[in-house]
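Student:
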Amino acid sequence: MAKSSKSALVIMAFFAIYFIWGSTYLLNKIAVMELEPFMLASCRFTVAGLCIFVLAKIMGISLSITKKQLINSVLAGILFLSVGNGLVVWALRYVDTGFAALEISSQPLIILLMMRILQGKKIQPMSVVGVVLGIVGIYLLVSQKQIIAQEESIVGMAMIFFCMLCWAYASLFVAKADLPTNYFVNTGYQMFFAGLILSLMSLGFGEEWSSPLAWSGDVQISMLLLIFFGSILAFTSFNYLLKTVSPEKVATSTYVNPIVALLLGWYFLDEQITLQSILAAAILLTGVYFINTKKTLAIFERFKR
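All the letters of the sequence shown, read from the start, carry residue numbers 1 to 305 under full-length UniProt numbering.
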């Protein structure tokens, strides 16, 4: 019975990181077409962080952390969420959801190159293949005529790329930083302070704030789904899977999220899916697979003998 319950939890957790995270592009797109981007992201993460604190108290989890852990949590929240997510929400005003998801799916490539540049880590042969395929896929994705002909789309692409650099650096930072040992508490602090920073960014850019009561029904629903499912449930599922199954299996969300985003954007927002986008997606995601896999091609094994 216990094994059956665990299997059910694993299946539900995979559903969360596959489809809920994949749907956040659509939800953010719906919301950002009506709300200011930094205000939107600020409301999402501040409320999500507060909800996590409340849940932690109910579960009897201590929220006490050291001063150093607090500083590191704030820095991680800024890199991951204030900049890394806030600018993506802003960019969704200018690019389609599927395009944004596909560009972000190349994140492992950016992390790999940054590890090489900043840490001098050697790139394995299989990862080299992945890097080459990733570059080809990104080129096919961003070189489409309907994209390069629009100045706003280029701005959106540039913002997403900057977000990816922040995410990559944050990934390397948190790997060595002193952070709260409880991942639930760690997430809560990151989200809460990221939300506060996003509110300051919103005020700095002169964004106009509005009451949730004045939002349309679609935006209200999108925000609730982003807070409780996209932020709390999906991220908790992600951390649960990291402790329950192999990292390689968890990494498969990298391949599923863009496909979910493409299909949802096409179905609900009438976004166009071109043949070049499909080809770029296939090549890019194959490259991500080569970067993530621990297997070795036979041709490389020959050189080891």
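Every residue gets a Cβ at the ideal spot worked out from N, C-alpha and C, and that includes glycine.
Computed from a prediction, not measured in an experiment: that's the story for all the values here.
Let's see if you can read the secondary structure: which residues bound the alpha helix (DSSP H) around D270?
Tutor: The count along the sequence shown starts at 1 and reaches residue 270 at position 270. Premise fails: D270 is in no alpha helix (DSSP H) and is neither H nor E.
Student: Relative to the C-alpha of I138, which residue among F290, N292, T293, A282 is closest?
Tutor: Here residue 138 refers to the residue found at position 138 of the sequence shown. Ranking F290, N292, T293, A282 by Cα distance to I138 puts A282 first.
Student: Just to check my reading of the structure: S82 and I197 have Cβ atoms closer than 8 Å, yes? What is that Cβ distance to the nearest angstrom?
Tutor: For the purposes of this step, residue 82 is taken as residue 82 along the sequence shown, with counting starting at 1. For the purposes of this step, residue 197 is taken as residue 197 along the sequence shown, with counting starting at 1. Yes, S82 and I197 are in contact; Cβ-Cβ is about 4 Å, under 8 Å.
Student: Cutting at 8 Å between CB atoms, please list the residues of its own chain near L40, excluding the five before and the five after it.
Tutor: The residue labelled residue 40 in the question sits at position 40 within the sequence shown. Excluding its 5 nearest sequence neighbours in each direction, L40 has C-beta neighbours in its own chain below 8 Å: N28, A31, V32, V89, M223, listed in chain order.
Student: If contacts are defined as beta-carbon pairs under 8 Å, then A76 and S237 qualify, I think. What distance do you get, rounded to the angstrom?
Tutor: Working through the sequence shown from its first residue, we reach residue 76 at position 76. Working through the sequence shown from its first residue, we reach residue 237 at position 237. Incorrect: roughly 20 Å between the Cβ atoms, too far for contact.
Student: How many angstroms separate the CA atom of A298 from the CA atom of A168?
Tutor: Walking along the sequence shown from the start, residue 298 turns up at place 298. Walking along the sequence shown from the start, residue 168 turns up at place 168. The predicted model places A298 with a pLDDT of 40, which falls under 50 and marks its position as unreliable; any figure quoted below should be read in that light. For A298 and A168, the distance between alpha carbons rounds to 30 Å.
Student: Could you tell me which of Y25, G206, L112 sits nearest to G120, measuring between CA atoms?
Tutor: For this step, residue 120 is matched to residue 120 along the sequence shown. Cα-wise, what sits closest to G120 is L112.
Student: So L35 and V155 are supposed to be a Cβ contact under 8 Å. How far apart are they, rounded?
Tutor: As a position in the sequence shown, residue 35 is number 35, starting the count at 1. As a position in the sequence shown, residue 155 is number 155, starting the count at 1. That belief does not hold up - the Cβ atoms of L35 and V155 are roughly 19 Å apart, past 8 Å.
Student: First and last residue of the alpha helix (DSSP H) that includes K121?
Tutor: Within the sequence shown, the letter at position 121 stands for residue 121. Counting along the chain, K121 falls outside any alpha helix (DSSP H), and DSSP gives it neither H nor E.
Student: Please return the same chain residues whose Cβ sits closer than 7 Å to the Cβ of Q276, not counting the five positions on each side in sequence.
Tutor: By one-based count along the sequence shown, residue 276 stands at place 276. Closer than 7 Å at the Cβ level, and outside the excluded window around Q276, lie L140, Q144.
Student: Compute the Euclidean distance between the alpha carbons of S127 and L241, then round it to the nearest angstrom.
Tutor: Residue 127 sits at position 127 when you count from the first residue of the sequence shown. Residue 241 sits at position 241 when you count from the first residue of the sequence shown. Going by the C-alpha atoms only, they are around 24 Å apart.
Student: Which word fits A175, buried or exposed, when buried means at least 16 other C-beta atoms lie within 10 angstroms of its C-beta?
Tutor: By 1-based counting over the sequence shown, the position of residue 175 is 175. Per the 10 Å Cβ criterion, exposed.
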